[in-house]
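Quick notes on the structure that follows.
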């Protein structure tokens with residue numbers, strides 16, 4: 001029995017396929033000390049089990065989450081995974097290439113963004129008359145800073161501050177005694193830096209005047225020049241002349257009488273295009289030119305965003321000193337004293353003058369390299385008798401000069417009508433070089449205010465014109481509330497604070513109905529405040545929905561928000577003695593704005609007869625009478641009263657600028673097209 005049990009044990013083990021160790025070193029059943037030696041000579045019977053390959057193969061391994069690298073590599077080389085991986089790789093590469101190409105295409109096709117000096121109105125401030133902060137009766141830089149909220153309320157982005165250099169204030173500050181300092185009347189350099197920081201903190205820009213043509217006779221350069229000191233000897237234009245008044249020629253100053261003044265120190269005559277206290281610099285001197293470049297760098301280094309260069313056409317004079325031709329050849333030359341009695345062929349716009357201005361541009365460009373820090377350059381290119389000479393201040397196709405010469409054609413206009421407005425606008429637009437940017441102004445520190453020139457009823461419609469024409473509108477302080485010149489008895493030539501009162505358009509800004517119109521808390525102001533300040537002031541007009549102030553604000557907002565008004569086509573539709581009508585359109589956009597502006601008497605205009613594709617009705621987007629805003633008008637009979645302006649809005653698939661009949665009447669400065677599918681602008685229309 002024991003032998004049978006012993007023989008059966010190997011069979012059972014073989015059938016089980018071995019003994020499971022379970023972690024022990026050796027199974028006790030096979031301990032040598034316990035093995036039966038009697039069975040060593042006997043050959044044990046074995047059971048041969050036939051195992052198939054399928055039974056012996058390892059089970060198939062499937063991918064699973066968290067598999068180690070060794071397992072992952074077994075699958076990565078398989079075709080189904082390798083091909084998928086390669087497809088995804090090349091798809092990513094292709095998508096990246098498409099994205100880069102699309103970005104390049106969008107950039108290449110996108111129009112140039114409007115710069116800050118193009119994107120909104122410019123507000124011109126005469127600092128002595130804006131706001132007095134120290135109760136001395138004179139406006140100052142701190143006063144401007146106090147009133148920056150007024151600027152932002154108007155949706156204005158750029159402030160233009162006229163001359164505030166240290167000066168004896170002859171010609172109201174346009175002859176600098178020191179180009180590197182602030183006149184104490186206006187404050188200190190620290191006040192200016194604080195104002196500049198406050199302006200920039202509000203996202204605004206600031207332009208200042210620079211008058212390179214002349215200095216004050218109190219300037220250190222002039223004092224050194226009259227004493228023939230070193231390089232300053234030739235900083236001014238000196239000629240031998242007799243003390244008794246025998247001038248070198250017949251040249252007359254802008255203010256009348258001879259433009260030569262004898263100097264007792266140097267014993268010569270110096271040349272002055274303006275007052276005798278404002279000697280002209282000699283711009284044939286390279287040292288003088290360098291001085292002016294250094295002044296430009298100084299103020300740009302302070303953070304000023306641009307300059308208005310004043311009186312630049314006077315920079316050079318003919319060196320031959322010949323007499324200028326008389327307008328009336330039969331007039332006795334001895335009695336010629338007025339500037340208008342001569343043709344100024346030898347004292348304005350001389351050869352080389354534009355080269356000097358372009359050199360100013362090059363200096364300014366050195367400060368324009370930072371993104372968003374472009375430095376604006378405007379020039380006082382007033383050539384009323386020669387529009388082509390004015391346009392030369394834009395520069396050439398290859399050499400830039402001013403961003404624009406200031407447009408005085410609306411300012412110089414004598415008679416107001418629909419036709420005269422059309423002529424002034426058309427004169428600029430048809431002569432402006434292609435791709436350049438226009439600008440418009442109806443008031444300035446040297447011109448009677450709009451309401452005094454044309455009547456208070458035309459203030460709003462003229463502001464509507466400025467803010468809806470293509471280009472940059474320029475508003476002289478106070479025109480947004482319809483200020484008038486001070487009364488004539490205040491400009492009789494009497495002196496106030498030692499200054500001749502000859503500029504009634506420079507009266508103090510009317511802020512509120514308090515004493516001195518809120519301009520100063522002192523006892524008096526340097527010029528009298530207009531007597532109408534109780535009703536015409538900024539504070540009261542803010543509360544009136546139909547005020548000039550709030551209309552201006554709404555027009556500026558419209559210009560900033562609507563692409564057709566901001567940068568689209570402008571086409572003249574109609575003009576007569578009463579009305580001027582034009583449209584603003586943008587390629588790809590079916591929304592059109594039509595301006596119907598009345599500069600004459602009550603009128604009714606059939607616009608649909610002029611533009612047959614015009615819809616029968618249009619909606620009033622804005623009106624000089626706020627009560628009409630939102631109303632529909634019949635385009636066959638658009639009625640306007642004297643001084644009324646309408647901004648009509650309608651939709652059409654047939655823009656005026658695409659009509660052959662109006663081709664000669666359409667202009668665009670920064671052309672752009674709108675894609676409604678992608679909601680973006682592009683240039684290749």
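Numbering (full-length UniProt numbering), first residue to last: 1 to 685.
We treat Cβ as the ideally placed atom computed from N, Cα and C, and that holds for glycine.
Remember, it's a predicted structure, so these values are computed and weren't measured experimentally.
Let's test the definition: count the other Cβ atoms within 10 Å of the Cβ of residue 93 and tell me whether it reaches 16, buried, or not, exposed. What you label residue 93 is simply residue 93 of the chain shown in a count that begins at 1. Around the beta carbon of residue 93, a 10 Å sphere encloses fewer than 16 other beta carbons of the protein chains shown; the residue is thus reported as exposed.
For residue 536, I'd like the list of residues in its chain whose CB is within less than 8 angstroms of its CB, leaving aside the five on either flank, ordered along the chain. The residue given as residue 536 occupies position 536 in the chain shown. So the qualifying residues of the chain are 481, 482, 483, 484, 510, 530.
Going by CA-CA distance only, name the one from 580, 586, 623, 544 that's closest to residue 564. The count along the chain shown starts at 1 and reaches residue 564 at position 564. Minimum Cα distance to residue 564 is reached at 586.
Can you say whether residue 672 is buried or exposed, counting buried as having 16 or more other CB atoms within 10 angstroms of its CB? Along the chain shown, read from residue 1 onward, the residue named residue 672 stands at position 672. It is buried - the Cβ of residue 672 has at least 16 other Cβ atoms within 10 Å.
Could you tell me which whole beta strand (DSSP E) segments of length 3 or greater appear in the segment 142-199? Whole beta strand (DSSP E) segments, 3+ residues: 158-161, 178-182.
By DSSP, does residue 34 sit in helix, in strand, or in coil? Taking the first residue of the chain shown as 1, we reach residue 34 at position 34. Below a pLDDT of 50, predicted positions are generally treated as unreliable, and residue 34, at 43, falls in that range; the measurement from the model is reported next regardless. Of the three classes helix, strand and coil, the one that applies to residue 34 here is helix, per DSSP.
Which residues share a DSSP beta bridge with residue 476? By 1-based counting over the chain shown, the position of residue 476 is 476. According to DSSP, residue 476 bridges with 124.
Could you spell out where the beta strand (DSSP E) holding residue 307 opens and where it closes? Mapped onto the chain shown, residue 307 falls at position 307. Taken as a continuous stretch (DSSP letters only), the beta strand (DSSP E) holding residue 307 covers 306-309.
Measure the Cβ-Cβ separation of residue 168 and residue 112 and say whether it is below 7 angstroms. As a working mapping, residue 168 is identified with position 168 in the chain shown. As a working mapping, residue 112 is identified with position 112 in the chain shown. The criterion of a C-beta distance shorter than 7 angstroms is not satisfied by residue 168 and residue 112.
List the endpoints of the continuous alpha helix (DSSP H) containing residue 539. Position 539 of the chain shown, counted from the first residue, corresponds to residue 539. Per DSSP, residue 539 belongs to the alpha helix (DSSP H) from 538-542.
8 angstroms contact criterion, which residue 318 and residue 213 should meet: CB distance rounded: Position 318 of the chain shown, counting from 1, holds the residue named residue 318. Position 213 of the chain shown, counting from 1, holds the residue named residue 213. In fact, because the Cβ distance is near 15 angstroms, the residues do not count as touching under 8 angstroms.
Report the three-state DSSP secondary structure of residue 246 (helix, strand or coil). Here residue 246 refers to the residue found at position 246 when the chain shown is read from its first residue. Looking at residue 246 - three-state DSSP - the assignment turns out to be coil, as it is neither helix nor strand.
In its own chain, which residues sit with a C-beta less than 6 angstroms from the C-beta of residue 115, not counting the 5 before and 5 after it? By 1-based counting over the chain shown, the position of residue 115 is 115. Within the same chain, residue 115 has close Cβ partners 374.
Beta-ladder partner(s) of residue 441, from DSSP: In the chain shown, residue 441 corresponds to position 441, counting from 1. For residue 441, which the question treats as bridged, DSSP gives the partners 474.
If you draw a straight line from the alpha carbon of residue 534 to that of residue 517, how long is it in whole angstroms? Here residue 534 refers to the residue found at position 534 of the chain shown. Here residue 517 refers to the residue found at position 517 of the chain shown. Residue 534 and residue 517: Cα-Cα distance of roughly 7 angstroms.
Classify residue 604 as buried or exposed, calling it buried when 16 or more other Cβ atoms lie within 10 Å of its own Cβ. In the chain shown, counting from the first residue as 1, residue 604 sits at position 604. Burial call: exposed.
Determine the contact status of residue 545 and residue 626, defining contact as a CB-CB distance below 7 angstroms. Start at 1 with the first residue of the chain shown, and residue 545 comes out as number 545. Start at 1 with the first residue of the chain shown, and residue 626 comes out as number 626. It is a contact, given that the beta carbons lie within the stated cut-off.
Residue 596 to residue 419 span [Cα, whole Å]: To locate residue 596, count along the chain shown from 1; it is residue 596. To locate residue 419, count along the chain shown from 1; it is residue 419. If I take the Cα positions, the gap works out to 13 angstroms.
With which residues is residue 575 paired in a DSSP beta bridge? Here the question's residue 575 lines up with position 575 in the chain shown. Residue 575 pairs with 580.
Which word fits residue 613, buried or exposed, when buried means at least 16 other C-beta atoms lie within 10 angstroms of its C-beta? Along the chain shown, one-based indexing puts residue 613 at 613. Residue 613 comes out exposed.
DSSP state of residue 299 mapped onto helix, strand, coil: Position 299 of the chain shown holds residue 299. Note: residue 299 maps to helix in three-state DSSP.
For residue 632: DSSP bridge partner residues: Counting from 1 along the chain shown, the entry for residue 632 is found at position 632. Its beta-bridge partners are 619.
Range covered by the beta strand (DSSP E) that runs through residue 271: Locating residue 271 in the chain shown gives position 271, where the first residue counts as 1. Here the beta strand (DSSP E) through residue 271 covers 268-271.
Who are the near neighbours of residue 118 in its chain, counting only those whose CB is closer than 7 angstroms to its CB and skipping five residues on each side? By 1-based counting over the chain shown, the position of residue 118 is 118. Counting only residues of its own chain and dropping the five nearest sequence neighbours on each side, residue 118 has a CB closer than 7 angstroms to the CB of 437, 472.
Should residue 578 and residue 601 be called a contact, given that it needs their Cβ atoms to be closer than 7 angstroms? Taking the chain shown and counting its residues from 1, the one referred to as residue 578 is at position 578. Taking the chain shown and counting its residues from 1, the one referred to as residue 601 is at position 601. The answer is yes: Cβ separation under 7 angstroms.
Name the DSSP beta bridge partners of residue 260, please? The residue labelled residue 260 in the question sits at position 260 within the chain shown. 271.
Terminal residues of the continuous alpha helix (DSSP H) containing residue 425? As a first step, residue 425 must be located in the chain shown, where it is residue number 425. It spans 418-431 - the alpha helix (DSSP H) in which residue 425 sits, taken as one unbroken run.
Below 7 angstroms between beta carbons: does that hold for residue 273 and residue 263? Taking the first residue of the chain shown as 1, we reach residue 273 at position 273. Taking the first residue of the chain shown as 1, we reach residue 263 at position 263. Between residue 273 and residue 263, the C-beta gap is not smaller than 7 angstroms, which leaves the two residues out of contact.
Quick check: the Cα distance between residue 623 and residue 429, rounded to an integer number of angstroms? Numbered from 1 along the chain shown, position 623 holds the residue referred to as residue 623. Numbered from 1 along the chain shown, position 429 holds the residue referred to as residue 429. Answer to the nearest angstrom: the Cα atoms are 25 angstroms apart.
Status (buried if at least 16 other CB within 10 Å, exposed otherwise) for residue 161: The count along the chain shown starts at 1 and reaches residue 161 at position 161. It counts as buried.
When you compare only the Cα positions, how much space is there between residue 561 and residue 380? Position 561 of the chain shown, counted from the start, is the residue given in the question as residue 561. Position 380 of the chain shown, counted from the start, is the residue given in the question as residue 380. Going by the C-alpha atoms only, they are around 30 angstroms apart.
Beta-carbon contacts of residue 287 that lie in its chain and below 6 angstroms, excluding the five residues immediately before and after: For the purposes of this step, residue 287 is taken as residue 287 along the chain shown, with counting starting at 1. 231.
Identify whether residue 678 lies in helix, strand or coil by the three-state DSSP scheme. Here the question's residue 678 lines up with position 678 in the chain shown. Note: residue 678 maps to coil in three-state DSSP.
Using a threshold of 7 angstroms, state whether the C-beta atoms of residue 337 and residue 256 are closer than that. In the chain shown, the residue the question calls residue 337 occupies position 337. In the chain shown, the residue the question calls residue 256 occupies position 256. Yes.
Distance CB(residue 520)-CB(residue 137) smaller than 7 angstroms: Within the chain shown, the letter at position 520 stands for residue 520. Within the chain shown, the letter at position 137 stands for residue 137. Against a cut-off of 7 angstroms, the Cβ pair of residue 137 and residue 520 comes out as a contact.
Distance, Cα to Cα, residue 290 vs residue 222? As a working note, residue 290 is residue 290 in the chain shown. As a working note, residue 222 is residue 222 in the chain shown. About 16 angstroms.
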